[in-house]
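The sequence shown finishes on residue 472 if you use the working numbering, and the numbering steps up by one all the way, no holes. From the three backbone atoms N, C-alpha and C, an ideal C-beta is built for every residue, glycine too. Every value quoted in this text rests on a predicted model; they were computed, and no experiment measured them. Report on the following structure.
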Amino acid sequence: MKKILLLFSVVLLLAACNDSQNDAALGNYRFDANATQAMEVADVKSGRMSAKKMKSSPVSKVDNLNVKRKLIKTGNVEFETKDLETTKTTILNLVKQYNAYIARDNQYKSYDRISTTLSVRIPAESFDKILEGIVKGVEKFDHKNIHISDVTEQFLDVEARLKTKKALELKYLEILKKAKTVREILDVERELGKLRGDIEATEGRLKYLKNQVAFSTLNITFYKKVIESETGFGGKIGEAFKKGFENIKVFFVSMITIWPFIIILFLLIFYFRKRIKRTKS
Numbered sequence: 192m193k194k195i196l197l198l199f200s201v202v203l204l205l206a207a208c209n210d211s212q213n214d215a216a217l218g219n220y221r222f223d224a225n226a227t228q229a230m231e232v233a234d235v236k237s238g239r240m241s242a243k244k245m246k247s248s249p250v251s252k253v254d255n256l257n258v259k260r261k262l263i264k265t266g267n268v269e270f271e272t273k274d275l276e277t278t279k280t281t282i283l284n285l286v287k288q289y290n291a292y293i294a295r296d297n298q299y300k301s302y303d304r305i306s307t308t309l310s311v312r313i314p315a316e317s318f319d320k321i322l323e324g325i326v327k328g329v330e331k332f333d334h335k336n337i338h339i340s341d342v343t344e345q346f347l348d349v350e351a352r353l354k355t356k357k358a359l360e361l362k363y364l365e366i367l368k369k370a371k372t373v374r375e376i377l378d379v380e381r382e383l384g385k386l387r388g389d390i391e392a393t394e395g396r397l398k399y400l401k402n403q404v405a406f407s408t409l410n411i412t413f414y415k416k417v418i419e420s421e422t423g424f425g426g427k428i429g430e431a432f433k434k435g436f437e438n439i440k441v442f443f444v445s446m447i448t449i450w451p452f453i454i455i456l457f458l459l460i461f462y463f464r465k466r467i468k469r470t471k472s
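The following block contains the structure:
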């Protein structure tokens, strides 16, 4: 019993040493996540390693030339095409060939152009090949930019945090096995619940980074200008008649919605005309 209380008190004491508000009372059990977890993992490994050394370890890994860089690559291209369907078919064939997929497909139509925007998620190693196949034969780009973000340090930091939290979880599980009173069990389980929530959030962040590194994003916009013959004089007259007919419908619908006011207006006109005739007579 004394050993359990002593071990649990050590964990709480390590947390209290790094808490800015000094909530060191045993009943509060408030932990500074970064300092406590780093020191607990250090204790699991050697019993002597400081939290500061643990925090600086990801930086030393980044500086190590043997570490594979984690890069997130994104690209945006926009260009004019003579045939929208042919261009889209070419892109879809490349997507299928290199095991990519379409994340978004939008089409727009304005008075002078018809355009399509595709957001393609591409395996990182195939990004350049797909980009080369898409832009092949394009004479001029409205814009073309490729951006690469190095998230190696962030990636390693999240991995280290996750490892730290899981090591601390094992520490709490050991304490839980030795706990005998209801209060001890509830105290440890409460802290385990908080810690597992942090672990899930960290795992989600790591999964997101892995996905961003594994799949690059390429946003492609291609458009075709509307030729005058497609909307020539006859077409414009037809559009004008169509709009005029629509305006007539809108007018009648508007008149129907205000019919009470029209009736009141006619009654007022009738009343004043009758009164004027009586006055003259």
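Is Asp-341 buried or exposed, if buried means 16 or more other CB atoms sit within 10 Å of its CB? Label assigned to Asp-341: exposed.
N- and C-terminal bounds of the alpha helix (DSSP H) containing Ala-351: Counted as a single uninterrupted DSSP element, the alpha helix (DSSP H) harbouring Ala-351 occupies residues 343-369.
For the segment 265-274 against the segment 406-419, are there 3 or more C-beta pairs whose distance is under 8 Å? The answer is yes - the segment 406-419 touches the segment 265-274, with three or more Cβ pairs under 8 Å.
According to the Cβ coordinates, are Arg-304 and Lys-416 closer than 7 Å? The Cβ atoms of Arg-304 and Lys-416 sit closer than 7 Å to each other.
Closer than 8 Å is the cut-off here; do at least three beta carbon pairs connect the segment 390-401 with the segment 342-360? They touch, by the three-pair rule.
Hey, how far is the Cα of Ile-449 from the Cα of Ile-439? Approximately 16 Å between the Cα atoms of the pair.
Secondary structure at Val-326, three-state DSSP: helix, strand or coil? DSSP places Val-326 in helix when its eight states are reduced to three.
List the residues that DSSP assigns as beta-bridge partners of Phe-406. Listed as beta-bridge partners of Phe-406 by DSSP are Pro-314.
Taking a contact to mean a Cβ-Cβ separation below 7 Å, would you say Leu-309 touches Ile-325 in this structure? Taking 7 Å as the cut-off, the beta carbon of Leu-309 is found no closer than this to the beta carbon of Ile-325.
Measure how close the beta-carbons of Leu-386 and Leu-359 come, nearest whole angstrom, since I'm counting them as under 8 Å. Correct: roughly 6 Å between the Cβ atoms.
Look at the Cβ atom of Phe-318, then the Cβ atom of Leu-400, and state whether they are nearer than 7 Å. Cβ atoms of Phe-318 and Leu-400: not closer than 7 Å.
Using DSSP with H/G/I as helix, E/B as strand and the rest coil, what is Thr-372? Note: Thr-372 maps to coil in three-state DSSP.
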